[in-house]
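Residue numbers (our numbering): 1 to 197.
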Amino acid sequence: PDIDLAFLRVEYGPGTTLPVTPLPRVPDSAALLAAPYQRAIASGAQRATKRALAAHWIPTNFTEWGDAGGAPLFDSNYYLVGMATRDTARNSGHYFGLHIAAIRARADAYIAEAQSENRAYCASCGAGSKAGVLGFFYCETCGSVMPTARHVQRFPVPQAEALYETSRIRCTRCGAQAGFHGGRCLRCGQPPDTRPL
1 PDIDLAFLRV EYGPGTTLPV TPLPRVPDSA ALLAAPYQRA IASGAQRATK RALAAHWIPT
61 NFTEWGDAGG APLFDSNYYL VGMATRDTAR NSGHYFGLHI AAIRARADAY IAEAQSENRA
121 YCASCGAGSK AGVLGFFYCE TCGSVMPTAR HVQRFPVPQA EALYETSRIR CTRCGAQAGF
181 HGGRCLRCGQ PPDTRPL
């Protein structure tokens with residue numbers, strides 16, 4: 001979420017790959033081409049800003065993509081420099097791109113995580129869950145019920161405590177240290193008891 005990026009798996013193997021820019025940042029005022037899906041290629045440029053931005057953001061002078069984002073961005077030498085997003089500047093309506101180096105770093109990290117340990121996918125938060133693989137019922141990242149445990153009777157599993165008990169704050173109702181979200185305990189789902197002792 002911090003960089004407006006999601007990965008989708010498709011069963012397609014391209015014959016070749018696009019040449020990728022070696023530059024860590026797109027130079028100011030560099031010419032850009034956006035290739036929205038089933039639309040004409042749009043010309044624009046990297047837009048200079050007065051704000052200091054993270055290296056992965058590419059401020060552009062595009063005000064319309066013609067699609068929902070995700071279009072590849074190329075420089076004038078047809079090197080892939082990034083991907084169009086639907087993020088806009090607050091006061092100008094110009095869109096931002098996401099640098100290819102950030103995309104590749106996130107993809108490499110995801111692949112490394114997926115291959116390093118046996119993990120189950122949590123449909124609620126997208127995390128790779130150790131708890132799901134071990135047969136436990138809840139995702140240790142977000143606390144939601146794992147897809148494999150939705151239609152089974154759930155019960156406390158003492159062996160799972162080490163995965164879930166990472167918070168220093170103890171729930172006053174159930175005693176768990178799973179943490180709180182939206183004012184409710186991630187273990188019992190109840191708000192903390194605030195009555196005086």
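Cβ atoms here follow ideal geometry from the backbone N, Cα and C, with glycine treated the same way. Since the model is a prediction, treat every value here as computed from it, not as a measurement.
By Cβ distance, which residues of its chain are closer than 8 Å to residue i, with the 5 residues on each side in sequence left out?
{"i": "C125", "result": "C139, T141, C142, S144"}
{"i": "P36", "result": "A42, W65, G66, D67, A71, A84"}
{"i": "Y110", "result": "F7"}
{"i": "A114", "result": "G128"}
{"i": "E11", "result": "none"}
Skipping 5 residues on each side, what residues in its chain have a beta carbon closer than 6 Å to that of residue i?
{"i": "A127", "result": "T141"}
{"i": "R25", "result": "A55"}
{"i": "R184", "result": "P191"}
{"i": "D4", "result": "T85, D87"}
{"i": "K50", "result": "none"}
{"i": "N118", "result": "V133"}
Under a Cβ-count criterion, where at least 16 other Cβ atoms within 10 Å of its own Cβ denotes burial, should residue i be classed as buried or exposed?
{"i": "F136", "result": "buried"}
{"i": "H181", "result": "exposed"}
{"i": "C171", "result": "buried"}
{"i": "M178", "result": "With the sequence shown as reference, residue 178 is identified as Ala, and Met is not the correct amino acid for it. A178 is buried by the Cβ-count criterion."}
{"i": "G129", "result": "Reading the sequence as shown, one finds Ser at residue 129 and not Gly. Result: buried."}
{"i": "G82", "result": "buried"}
Flag this pair as yes or no: are the beta carbons of residue i and residue j separated by less than 8 Å?
{"i": "A84", "j": "L73", "result": "yes"}
{"i": "A131", "j": "P147", "result": "no"}
{"i": "S76", "j": "A34", "result": "no"}
{"i": "P120", "j": "V133", "result": "Strictly speaking, residue 120 in this sequence is Ala, with Pro absent from that position. Yes, they are a contact pair."}
{"i": "I100", "j": "T21", "result": "yes"}
{"i": "L80", "j": "P19", "result": "yes"}
{"i": "R187", "j": "C174", "result": "yes"}
{"i": "A52", "j": "S29", "result": "no"}
Less than 7 Å between C-beta atoms, sequence neighbours within five positions excluded: which residues of the same chain meet that for residue i?
{"i": "H94", "result": "R47, P59, T60, N61, F62, T63, T88"}
{"i": "A160", "result": "A131, F136"}
{"i": "R150", "result": "none"}
{"i": "A102", "result": "I3, H56"}
{"i": "G69", "result": "A84, T85, R86"}
{"i": "L23", "result": "none"}
{"i": "V157", "result": "F136"}
{"i": "R203", "result": "Outside the shown range of the chain (1 to 197) lies residue 203, about which nothing can therefore be said."}
Which first and last residues belong to the beta strand (DSSP E) in which residue i is found?
{"i": "V81", "result": "80-88"}
{"i": "A42", "result": "42-45"}
{"i": "F96", "result": "95-99"}
Output the boundary residues of the alpha helix (DSSP H) element that contains residue i.
{"i": "A31", "result": "Where A31 is concerned, there is no enclosing alpha helix (DSSP H), although the beta strand (DSSP E) it sits in stretches over 31-34."}
Beta carbon of residue i: closer than 7 Å to some heavy atom of the ligand MG?
{"i": "A89", "result": "Absent from the structure shown: the ligand MG. Ligands present: none."}
I'd like the ranges of any beta strand (DSSP E) spanning at least 3 consecutive residues and lying wholly in the region 116-189.
none
Counting only runs that start and end within the region 49-84, where is the beta strand (DSSP E) found for 3 or more residues in a row?
57-59, 72-74
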